[in-house]
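A.B. asks: Encoded as structure tokens, here's the structure I'll be asking about.
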Amino acid sequence: MSASAASTVTFESRFATELAEMGIPWKAEEVPSPRLLVLNEPLAAELGFDPAFLSSPEGLPLLIGNAVPDGATPVAQAYSGHQFGWFAPRLGDGRALLLGEIAGVDGRLRDIHLKGSGRTPFARGGDGLAVVGPMLREYIVSEAMHALGIPTTRSLAVVATDRPVQRETVLPGAVLTRIAGSHLRVGSFQYARATGDGALLRRLADHAIARHYPDAAEADTPYLALFDAVIGPQASLVAQWMLVGFIHGVMNTDNMAISGETIDYGPCAFMDAFDPATVYSSIDETGRYAYANQPLIAEWNLARLAEAMLPLFDDDEELAVERAQESLGAFRQQYSATWFAGMKAKLGLDGVADDDASPLTDELLGLLREGRVDYTSFFRRLGSTARGKGGPARSMFPEPEAFDAWAERWRALNPDADAMDRINPAYVPRNHLVEEALGSATEGDLGPLQRLLEAVTDPYNERPGVERYAEGAPESFGPYRTFCGT
Ligand code: AMP
Ligand code: MG
């Protein structure tokens, strides 16, 4: 049975055909004995796949690109990127492939993409492979982000290849099947610009407009409208990261999607103790991508996007720069507005005047930092304080008197406890739980992974039986470091 006969999903190859200069047709490495580790059944159904088919011996090769359906032209995508501030003109998919685009049952077009599918012409020194732990990390964290309501690429499956991969030690290999609005990155525009081919840059922009921001096509200046359209979702995305305590870890321009989705989960983590300077990534030695820097970096990345798009804004370079700067000015305002509205909501103060809420939020963040208070637990427990039970949140502060004084003023504004419970998650993929799940899965026990996924994919609904998923790390866990997803 061919893959296309058993799947009703139609694959397209729009990127591969419309932007042929930006993709190298390529095939995933053959995996003799693929083994499904996890399949996202609800997502499979949303995409129109029969989950039973995908997990069958006929479906698995489709999931890892070993069976190429009719209509698909898998490509390794070319892109550039500023990595930790330094421009690399030729990055591209070194160990990934775009299988093609598929329309879900809602008709919306999405990319279906592989990570860990073997060396491509962009692999440079890399082996083209991925290992079980980091691929499951992306699966867990992306699905948690989705459940939190934050735009993100999705994870359809992780398939074990049962081949050894050499890292610091020998680790089991895996392929992640990823679904995304698209894989157009800031780095894609940088690549098109760097080719010097103005027509290619224009085609890429047209492709992005058609795919993500069709209203821009109707504007007087469509390419400036495209740039404007990218800014809002990006500002809102980073504000949402900040509100849930998410640290991406490697916000290089090749890891920023034009769609406004969170993309490329590598050394990412959710913050435990609140501290704006938090960095978990072992490769981020200077703290460039620290928690508090994320909005600044997003803005910096958008400035790089503007630079790449300049010839599309105006023939006169000076005018083009002026227009780009004007547009980029919206980022800070949109970021601040989204963040502040979100923080008010976390405090149950939706209807309260900004001037009343603002001093309270500033002061609270100071208290959380001084006390090194667990960020996720604090906001969840604060719901009880709103209901008149001060204890659970209060006991998190080494010196609770300052919190008492703050809480008295806050409660005078009548915070809405039920609304708080709908916006402050009880369960996020905490670092110690993620490590536990990945460690067990690498050893062959998928139980902890499944239980963690159950908790974090229903994050607001606090329920008995999963208490340990709401708790902070035990003292023994120690300082946390994440390693790049290789
Ligand atoms: P990332 O840090 O995952 O965003 O990747 C940065 C760049 O390195 C991209 O061009 C990747 O395709 C490439 N890369 C990362 N790991 C590997 C690997 N194991 N083999 C080949 N290329 C890789
Ligand atoms: Mg990347």
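All letters in the sequence shown, in the order written, are residues 0 to 485 by my numbering. For every residue, glycine included, the Cβ atom is placed at its ideal position computed from N, Cα and C.
1) Determine the direct distance from the alpha carbon of F188 to that of A228, and round the result to whole angstroms.
2) Which residues in the same chain have their Cβ closer than 6 angstroms to the Cβ of E20, if we skip the five residues on either side of it in sequence?
3) Given V278, which residues of its chain have a CB within under 6 angstroms of its CB, disregarding the five upstream and five downstream residues?
4) Can you give me the Cβ contacts of F339 inside the same chain, cut-off strictly under 6 angstroms, excluding the 5 residues immediately before and after it?
5) Given 6 angstroms as the limit, tell me if L170 has its C-beta closer than that to any heavy atom belonging to the ligand AMP.
6) Using the beta-carbon count (16 or more within 10 Å), is G477 buried or exposed?
7) Tell me whether P120 is buried or exposed, calling it buried when 16 or more other Cβ atoms sit within 10 Å of its Cβ.
8) Do you know whose CA, among P221, A336, R201, lies nearest Q239's CA?
9) Restricting to Cα atoms, I'd like to know which of M134, L61, Q82 is closest to R486.
10) Taking only three categories from DSSP, how would you classify S154?
11) So, with DSSP's three-state summary, where would you put E28?
12) For S475, does the count of other Cβ atoms within 10 angstroms reach 16, so buried, or fall short, so exposed?
13) Considering only the alpha carbon of each residue, which of L46, R379, D349 lies closest to L412?
14) With H, G and I counted as helix, E and B as strand and the rest as coil, what does DSSP make of R177?
15) Am I right that M250 and K345 are in contact with their C-beta atoms under 8 angstroms? What's the rounded C-beta distance?
16) Excluding the five sequence neighbours on either side, which residues of its own chain have a C-beta within less than 8 angstroms of the C-beta of G172, listed in chain order?
17) Nearest to Q82 by alpha carbon, out of G365, V174, V185, T194?
18) Within a Cβ cutoff of 7 angstroms, which residues of the same chain sit near L223, ignoring the five residues on either side of it in sequence?
19) Leaving out five residues before and five after Y190 in sequence, what residues of the same chain have Cβ atoms less than 6 angstroms from its Cβ?
20) With a CB to CB cut of under 7 angstroms and the five nearest residues on each side skipped, what residues in its chain are close to S54?
21) So, does the segment 95–105 touch the segment 56–73, judging by three or more C-beta pairs under 8 angstroms?
22) Among the residues of its own chain, which have a CB less than 8 angstroms from the CB of G446, if the five just before and after it don't count?
23) Check this for me: beta carbons of T220 and A179, under 7 angstroms apart or not?
24) Can you tell me the Cβ-Cβ gap for A272 and D373, rounded? I've got them flagged as a contact below 8 angstroms.
25) Quick check: what's the CA-CA separation for E398 versus R408?
26) Quick one, which of V465, T168, L90 has its alpha-carbon nearest A122's?
27) So, helix, strand or coil for R368, using DSSP?
28) Nearest to A416 by alpha carbon, out of Y459, V157, L183?
29) Does the beta carbon of D361 fall short of 6 angstroms from some heavy atom of the ligand MG?
30) Could you name the residues whose beta carbon sits closer than 6 angstroms to any heavy atom belonging to the ligand MG, keeping them in chain order?
31) With a CB to CB cut of under 6 angstroms and the five nearest residues on each side skipped, what residues in its chain are close to A307?
32) Taking the beta strand (DSSP E) that R34 falls in, what are its first and last residues?
33) Tell whether a beta-carbon distance below 7 angstroms holds between G231 and Q333.
34) What's the call for D444, buried or exposed, on a 16-neighbour Cβ count within 10 Å?
35) Should G390 go down as buried or exposed, given a rule of 16 or more other Cβ atoms within 10 Å for buried?
36) Would S280 and T481 be called neighbours here (beta carbons separated by less than 7 angstroms)?
C.D. replies: A quick look at the data gives this:
1) As a position in the sequence shown, residue 228 is number 229, starting the count at 1. As a position in the sequence shown, residue 188 is number 189, starting the count at 1. For A228 and F188, the gap between their C-alpha atoms comes out near 15 angstroms.
2) Counting from 1 along the sequence shown, the entry for residue 20 is found at position 21. Counting only Cβ-Cβ distances below 6 angstroms, and skipping sequence neighbours, we find L199.
3) Counted from its first residue, the sequence shown places residue 278 at position 279. Setting aside the 5 residues that flank it on each side, V278 is surrounded in the same chain by G286, A289, each with a C-beta closer than 6 angstroms to its C-beta; the list follows chain order.
4) One-based indexing of the sequence shown puts residue 339 at position 340. So the list is empty, once near-sequence residues are dropped.
5) Here the question's residue 170 lines up with position 171 in the sequence shown. Not so, every heavy atom of the ligand AMP lies at least 6 angstroms from the Cβ.
6) On the sequence shown, position 478 is the one that residue 477 refers to. With fewer than 16 Cβ atoms within 10 Å of its Cβ, G477 is classed as exposed.
7) Within the sequence shown, numbered from 1, the residue matching residue 120 stands at position 121. The residue is exposed, with fewer than 16 neighbouring Cβ atoms inside 10 Å.
8) By one-based count along the sequence shown, residue 239 stands at place 240. Of P221, A336, R201, the smallest CA-CA separation from Q239 is found for A336.
9) Within the shown structure, residues of the chain are numbered from 0 to 485, placing residue 486 beyond reach of any answer.
10) Position 155 of the sequence shown, counting from 1, holds the residue named residue 154. If DSSP states are grouped into helix, strand and coil, S154 belongs with the strands.
11) To locate residue 28, count along the sequence shown from 1; it is residue 29. Of the three classes helix, strand and coil, the one that applies to E28 here is coil, per DSSP.
12) For this step, residue 475 is matched to residue 476 along the sequence shown. The residue in question, S475, is exposed, as its Cβ has fewer than 16 Cβ neighbours within 10 Å.
13) By 1-based counting over the sequence shown, the position of residue 412 is 413. The residue with the shortest Cα to Cα distance from L412 is D349.
14) For the purposes of this step, residue 177 is taken as the residue at position 178 of the sequence shown. Strand at R177.
15) Translated into the one-based positions of the sequence shown, residue 250 becomes position 251. Translated into the one-based positions of the sequence shown, residue 345 becomes position 346. That belief does not hold up - the Cβ atoms of M250 and K345 are roughly 23 angstroms apart, past 8 angstroms.
16) Mapped onto the sequence shown, residue 172 falls at position 173. Counting only Cβ-Cβ distances below 8 angstroms, and skipping sequence neighbours, we find G115, L128, A129, V130, V131, A159, T160, D161, R162, P163, V164.
17) The residue you call residue 82 lines up with position 83 of the sequence shown. Across the set G365, V174, V185, T194, the C-alpha of V185 shows the shortest separation from the C-alpha of Q82.
18) Taking the sequence shown and counting its residues from 1, one reaches residue 223 at position 224. These residues qualify, in order along the chain: F312, R322, S326.
19) Position 191 of the sequence shown, counted from the first residue, corresponds to residue 190. The answer, listed in chain order, is A77, Y78, S79.
20) Position 55 of the sequence shown holds residue 54. Hits under 7 angstroms: L35, L38.
21) Because the criterion of three Cβ pairs below 8 angstroms is met, the segment 95–105 and the segment 56–73 touch.
22) Your numbering for residue 446 matches position 447 in the sequence shown. If we look at G446 and ignore the five residues flanking it on each side, its Cβ neighbours are S439.
23) As a working mapping, residue 220 is identified with position 221 in the sequence shown. As a working mapping, residue 179 is identified with position 180 in the sequence shown. A179 sits away from T220, with the two beta carbons spaced by 7 angstroms or more.
24) Counting from one through the sequence shown, the residue named residue 272 turns up at place 273. Counting from one through the sequence shown, the residue named residue 373 turns up at place 374. A Cβ-Cβ separation of about 6 angstroms places A272 in contact with D373 under the 8 angstroms criterion.
25) Taking the sequence shown and counting its residues from 1, one reaches residue 398 at position 399. Taking the sequence shown and counting its residues from 1, one reaches residue 408 at position 409. Looking at the two C-alpha atoms, the distance is approximately 17 angstroms.
26) As a position in the sequence shown, residue 122 is number 123, starting the count at 1. From the listed residues V465, T168, L90, the smallest Cα separation to A122 is found for L90.
27) Counting from 1 along the sequence shown, the entry for residue 368 is found at position 369. Reduced to three states, the DSSP call for R368 is helix.
28) Against the sequence shown, residue 416 aligns to sequence position 417. Per the Cα distances, Y459.
29) Working through the sequence shown from its first residue, we reach residue 361 at position 362. It does not: the Cβ of D361 is nowhere closer than 6 angstroms to a heavy atom of the ligand MG.
30) Selection output, chain order preserved: D253, N254, D263.
31) For this step, residue 307 is matched to residue 308 along the sequence shown. A distance below 6 angstroms between beta-carbons, with the five flanking residues on each side excluded, links A307 to the following residues of its chain, in chain order: F188, Q189, R192.
32) To locate residue 34, count along the sequence shown from 1; it is residue 35. From DSSP, the beta strand (DSSP E) with R34 extends over 34–38.
33) Within the sequence shown, numbered from 1, the residue matching residue 231 stands at position 232. Within the sequence shown, numbered from 1, the residue matching residue 333 stands at position 334. Yes. Within cutoff.
34) Residue 444 sits at position 445 when you count from the first residue of the sequence shown. By the 10 Å Cβ count, D444 comes out exposed.
35) Taking the sequence shown and counting its residues from 1, one reaches residue 390 at position 391. Label assigned to G390: exposed.
36) Walking along the sequence shown from the start, residue 280 turns up at place 281. Walking along the sequence shown from the start, residue 481 turns up at place 482. Between S280 and T481, the C-beta spacing is below 7 angstroms.
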